[in-house]
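Line by line, the protein sequences are chains C and X.
Residues in the first sequence are numbered consecutively from 710, following this note's numbering.
Residues in the second sequence are numbered consecutively from 7, following this note's numbering.
Cβ atoms here follow ideal geometry from the backbone N, Cα and C, with glycine treated the same way.
None of the values given here were measured: they were computed from a predicted structure.
Everything below concerns the one structure shown next.
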Amino acid sequence: MTELLANLYLGFGTVLRLVPVEILGVTVPVPINILLCFVGCLVGTLIGVLPGVGPIATIAILLPITFKFEPTGALIMLAGIYYGAQYGGSTTAILVNLPGEATSVVTVLDGHQMARQGRAGVALGIAAIASFFAGTVATVAIAALGAPLTKLALVFGPHEYFSLMVMGLIFAVVLARGSILKAIAMIVAGVLLSTVGTDLETGESRMTLGLDFLSEGIEFAILAMGVFGIAEILRNLDNPETRDVVRTRIGRLLPNRDDLRQSAMPVMRGTLIGGALGILPGNGAVLGPFASYTVEKKLARDPRRFGRGAIEGVAGPEAANNAGAQTSFIPLLTLGIPPNAVMALMVGAMTIHSIIPGPQVMTKRPDLFWGMIASMWIGNLMLLIINLPLVGLWVKLLQVPYRLLFPAILMFCCIGIHSINPQPIAVMFIALFGLVGYCLLKLGFEPAPLLLGFVLGRLMEENLRRALIIARGDASTFLTRSVEATWFGQPVSIPLSGILLGIAAALLAVALLPGIRKGRDEVFTE
Amino acid sequence: MTLQDDAAPPPRARSLVRGPQTVAAGLVMLALAGLAIWTLGNLSMGTLRSMGPAMMPKGLAYLAGGCGLLLVAIGLVRHGDPVERFALRGPFFVAAAILAFAVTIRAPDLPGIGPIPGAPYGLAIAGPLCLVIGGFAAADARLKELVIFAVIMTAACIGLFRYLLNQPMPILVIPGVVHI
């Protein structure tokens, strides 16, 4: 407990640290990290609010601006962007009846109904409060679970890492929307793309088509911005806009006593459900809001109120959404394995700052680790403070027609890529990947598993090679190798790698069973 | 039979392809696998004990091909969605806008053509080109509105990226005349 407090103290110390900065010739101490957190939340919300731009696209678009700062500040800013984007998505859902992404689909149902009844303010208010509460609980959970899980990660060798990543990818397949086979295909394609470039072991170039540009591999930011940023624009252009911005007044923002009383339990349950599902690899964080909504509807005395502006239908899922968004950092920070596409973007960002996510971050860079955790809480607090007064601004922004919004987004993407890689071909590649992403969407492929496969690909190849060298080319090592651990003081050996692969196989088999598949389809279509 | 009838749910027993979208998806995966195997050429696979550079990518290419075959097979047997209509206007103008930005942000040096001496470049040229060309991707684009918007947005971006964020980015260079 004292250790936890000491760690949190270190974290808050990092976030609140004053750095002397020279402004107009005068050296002034500036709390730079908290400023970055603030700017991150603000621009994250700004882009996230735009209809049709979900958190992944937002982060992909804003990624380049964080590259200028030192790693701690950059990651704090990035986390701020993430929460901002999440909250921006909910704002759009409530005000426009247009879910930016999967996690705010549920918020639309009751949130927009509330807005139509002139209670948009209350819906936004309760969403912010629920998110803040969930964020606080999740931050404590991460801080408490971080240290023990990191210790667990230290027993992992290349075998276990490889098997863990296979399991993570299988989870991603099972929890993805739509066809399982198509999700597998996307993951394979993503891992395949990650092998483009010079082979680190032998120095030979693979699949570069003779382009110098590809010899160091496909740049992560370019792929992400193409398949998410540009492809999203193209998809949105296909659907003529039917934006239904609330015309009624926003109303008061603070929920009254009745609202709070009705929301309290849903928020608690939502936090619990979302937080637990968020740790799961794959798309766990997406399931949280759905699960929470279903639970609230089942528990409600009068389920008919749902879909007609029930405040529980906003409070629960929003809490679940935010809790999941936060706990999905756990696998990334402790094991170094991104559980979903957003976290894959975080890995990309960390790698660019030459930080390899994983257990060693906590031991080698405790200020970064705990600073990021502290910034999560501060980010949530900031969202509460900046968003509610700025609601008017977001409404104005939502009234800008898409025909002007998207060229601006397009230019931001170009400038962003140009600032991280000044070769013209880098900018051209986002067009290429954008077109590819658009075709994939048209063919019913989801691009998120592709990105996850791409990020895990290099790690997988490296660990696979190492494990096979250790086992002298015997592939059965992944099933038989065991790690030494202590269980109640007794030394035991556990075939951890085999267990992980077993879980993966079982999961895939279960997901392919006809009965379960039907249930899974229902979860996603509801 | 009109197009509208095609879109309606009743199964079309006579057509060979029952799930066109799935078949198309499978063909794309097969093409990807083929492309990967072709570009890998004769790189060595190595052995399990010491993996060669082609082992992992080739293995993945076969997996991708396998997924493709399965998708094609499923698409032939099971009823599924039709292939969605591809829009041309959006992708064309968006790609053109990005290309225009790419070649005018730095001194133009086109592959195959080489550098173009004397051509102006910089954000003040690339920005408006990108915004106006890109703007035409929308069916309801208006030229006058776009031009005004492009001027304001470019000015704002120059201020933001070059001066506030200190990105090293040429603003306007006309060789021999201006260099900002």
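query	result
Rank C:CYS1122, C:ALA832, C:ALA829 and C:ILE838 by C-alpha distance to the C-alpha of LEU1090 of chain C and give the top, closest one.	C:ILE838
Counting only Cβ-Cβ distances shorter than 9 Å, please list the residues of the region 1102 to 1117 of chain C near chain D, keeping chain order.	Of the chains in the structure shown, none is chain D; the protein chains are C and X.
For the 8 Å Cβ check, are there 3 or more pairs between the region 775 to 787 of chain C and the region 819 to 827 of chain C?	no
So which residues of chain X does TYR870 of chain C contact, with C-beta pairs closer than 9 Å?	Near TYR870 of chain C there are no residues of chain X at all, since even the closest Cβ is about 15 Å away, more than 9 Å.
Under the assumption that ALA42 of chain X contacts PRO63 of chain X (Cβ atoms under 8 Å), give the Cβ distance between them as a whole number of angstroms.	6 Å
Could you tell me the alpha carbon to alpha carbon distance between PHE1015 of chain C and GLY757 of chain C, rounded to whole angstroms?	26 Å
Taking a cut of 7 Å between CB atoms, which residues from the region 1146 to 1159 of chain C lie near chain X?	TYR1147, LYS1151, LEU1152, GLY1153 and PHE1154
For HIS1127 of chain C, write down the residues that DSSP places opposite it in a beta bridge.	Per DSSP, none; premise fails for HIS1127 of chain C.
What does the Cβ neighbour count give for ARG1174 of chain C, buried or exposed, with the cut at 16 atoms within 10 Å?	buried
Please compile the residues from chain X whose C-beta is within a distance smaller than 9 Å of the C-beta of LEU1165 of chain C.	In chain order: nothing, as chain X lies at least about 12 Å away.
Secondary structure at THR800 of chain C, three-state DSSP: helix, strand or coil?	helix
From the DSSP output, in three-state form, read off VAL185 of chain X for me.	The amino acid occupying residue 185 of chain X in the given sequence is His; Val does not appear at that position. HIS185 of chain X: strand per DSSP, three-state reduction.
When you compare each of X:GLY40, X:LEU105 and X:PHE99 to ALA187 of chain X by their alpha carbons, which one comes out closest?	Since the first and last residues shown for chain X are 7 and 186, residue 187 of chain X lies out of range.
Answer with buried or exposed for SER1185 of chain C, where buried requires no fewer than 16 other C-beta atoms within 10 angstroms of its C-beta.	exposed
Which residues in chain X have a C-beta closer than 9 Å to the C-beta of ALA1184 of chain C? List them in chain order.	LEU54
Please list the terminal residues of the continuous alpha helix (DSSP H) segment that includes PRO63 of chain X.	61 to 83
In chain order, what residues of the region 124 to 147 of chain X put their CB closer than 7 Å to some CB of chain C?	GLY133, CYS136, LEU137, GLY140, GLY141, ALA143, ALA144, ASP146 and ALA147
Exposed or buried, LYS1007 of chain C, counting other C-beta atoms within 10 Å across all chains shown (16 or more means buried)?	exposed
Looking only at DSSP bridge pairs, what is TYR127 of chain X linked to?	X:VAL179
What residues in the region 31 to 51 of chain X have a beta carbon less than 7 Å from any beta carbon of chain C?	ALA31, VAL34, MET35, LEU38, ALA42, THR45, LEU46 and LEU49
Take GLY1153 of chain C and list the residues in its own chain whose beta-carbon comes closer than 8 Å to its own, dropping the five residues that flank it on each side.	GLY887, SER888 and LYS891
Short check: CB of ARG55 of chain X to CB of ARG1181 of chain C, under 7 Å?	yes
Buried or exposed for PRO121 of chain X, going by 16 or more other Cβ atoms inside 10 Å?	exposed
Sort out for me which residues DSSP pairs GLY120 of chain X with in a bridge.	X:LEU116
How would you write the range of the alpha helix (DSSP H) that VAL846 of chain C sits in, first residue to last?	829 to 862
Can you look up MET51 of chain X in the DSSP assignment and give me helix, strand or coil?	coil
Who are GLY906 of chain C's beta bridge partners in DSSP?	C:ARG915
Between PHE187 of chain X and chain C, is the shortest Cβ-Cβ distance under 7 Å, so that the two count as touching?	Here chain X comprises residues numbered 7 to 186, so residue 187 of chain X is not present and cannot be evaluated.
Sorted by chain position, which residues of the same chain lie with C-beta nearer than 6 Å to LEU1216 of chain C's C-beta, five sequence neighbours on each side aside?	ILE879 and VAL883
Mind the definition here: the region 1109 to 1127 of chain C touches the region 129 to 143 of chain X only if three or more C-beta pairs lie below 8 Å; say whether that holds.	yes
Using alpha carbons as the reference points, say which of C:LEU1160, C:THR1003 and C:THR1060 lies closest to THR781 of chain C.	C:THR1060
Strictly below 7 Å CB to CB, what residues from chain X border MET916 of chain C?	ALA42, THR45, LEU46 and PRO63
Taking the runs of the alpha helix (DSSP H) that are 4 residues or longer, which of them lie wholly in the region 762 to 786 of chain C?	764 to 775
Give the secondary structure of PRO1075 of chain C by DSSP, where H, G and I count as helix, E and B as strand, and everything else as coil.	helix
Taking 7 Å as the CB-CB limit, is PHE98 of chain X close to chain C?	no
For VAL23 of chain X, would you say it is in contact with chain C, using Cβ-to-Cβ distances shorter than 7 Å as the test?	no
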